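Visitor: Numbering (our numbering), first residue to last: 830 to 1051. The beta carbon of each residue, even a glycine, is placed where N, CA and C say it ideally should be. Being a predicted model, the structure only gives us computed values, none of them experimental. Sharing a structure, written as structure tokens. Questions coming.
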């Protein structure tokens, strides 16, 4: 479990590629290494990965086929930096919202508006069926960052970033066309799916009742 509050950024210093499989090695700061053990969960751009090896400041992670398919991690190169969050512990402050680290799709940055103290990013979701879970003033995790959804138009939505977020994460260096990991809020998804299921059941019951009523009507005799 994560909170969507990025704790820092870390560079990829080595990548080993195999068929539908990748191992990347990252350089962690001393603060990020405290208490870290093999088997621990660490979010990379919001994607939960498992520590496979620790060699001083070098920390290794494996990425399987599904991770490479669903996230932007497979496109990263040596020298690229990644948003990092260690797994939350019981008693930690939840400054963002509950995040599982399970990326459901990616989005493309379609517009960027910048002023002196404001930074607005518009994103276009690749899987349009997921837009029903992106609600105005709802939660979404973007590259592991817990953010509030701004305007929503068709398959696009925007987020507003404060200077602190731009300084502490990779979003300040993103450009048009860049691919961003998206995790929708699980509570929002549960509510939307439940409402849809209840409405569908009511509609089916209504159709069934109408069918029974028609069957019970006496036939007209000449």
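Please find out if some non-hydrogen atom of the ligand PLP comes closer than 7 Å to the beta-carbon of residue 1037.
Guide: In terms of ligand content, the structure shown is empty, and the ligand PLP therefore cannot be addressed.
Visitor: In the DSSP assignment, find the unbroken beta strand (DSSP E) run with residue 881 in it and report its ends.
Guide: The continuous beta strand (DSSP E) containing residue 881 extends over residues 876 to 884.
Visitor: Would you report the Cα separation of residue 881 and residue 871, rounded to the nearest angstrom?
Guide: Going by the C-alpha atoms only, they are around 11 Å apart.
Visitor: Assuming residue 968 contacts residue 896 under a Cβ cut-off of 8 Å, what Cβ separation, rounded to an integer in Å, is found between them?
Guide: Between residue 896 and residue 968 the Cβ distance is about 23 Å, and since that is not below 8 Å, they are no contact.
Visitor: Return helix, strand or coil for residue 861, following the three-state DSSP convention.
Guide: If DSSP states are grouped into helix, strand and coil, residue 861 belongs with the helices.
Visitor: Closer than 7 Å by C-beta to residue 956: which residues in its own chain qualify, once you throw out the five before and the five after it? Chain order, please.
Guide: 934
Visitor: Going straight from the alpha carbon of residue 958 to that of residue 952, what length do you get?
Guide: 15 Å
Visitor: Once the 5 residues before and after residue 900 are set aside, which same chain residues still bring their CB inside 6 Å of it?
Guide: Apart from sequence neighbours up to five positions away, the residues of its chain that approach residue 900 with a beta-carbon distance below 6 Å are 876, 932, 1010, ordered along the chain.
Visitor: Please state whether the Cβ-Cβ distance between residue 891 and residue 867 is less than 8 Å.
Guide: For residue 891 and residue 867, no; Cβs fall outside 8 Å.
Visitor: Please specify which runs of the alpha helix (DSSP H), each continuous and at least 4 residues long, are wholly inside the region 926 to 1007, giving them in chain order.
Guide: The region 926 to 1007 contains these whole alpha helix (DSSP H) runs: 992 to 997.
Visitor: Using the rule of at least 16 other Cβ atoms within 10 Å of the residue's Cβ for burial, across every protein chain shown, is residue 944 buried or exposed?
Guide: exposed
Visitor: Between residue 835 and residue 913, how many whole angstroms is the CB-CB distance? I'm expecting something under 8 Å.
Guide: 7 Å
Visitor: Buried or exposed for residue 1024, going by 16 or more other Cβ atoms inside 10 Å?
Guide: exposed
Visitor: Short of 7 Å in beta carbon distance, which residues of its chain neighbour residue 917, apart from the five on each side in sequence? Order them along the chain.
Guide: 830, 831, 832
Visitor: Can you look up residue 1027 in the DSSP assignment and give me helix, strand or coil?
Guide: Helix at residue 1027.
Visitor: With a Cβ-Cβ cutoff of 8 Å, do residue 964 and residue 981 count as a contact?
Guide: yes
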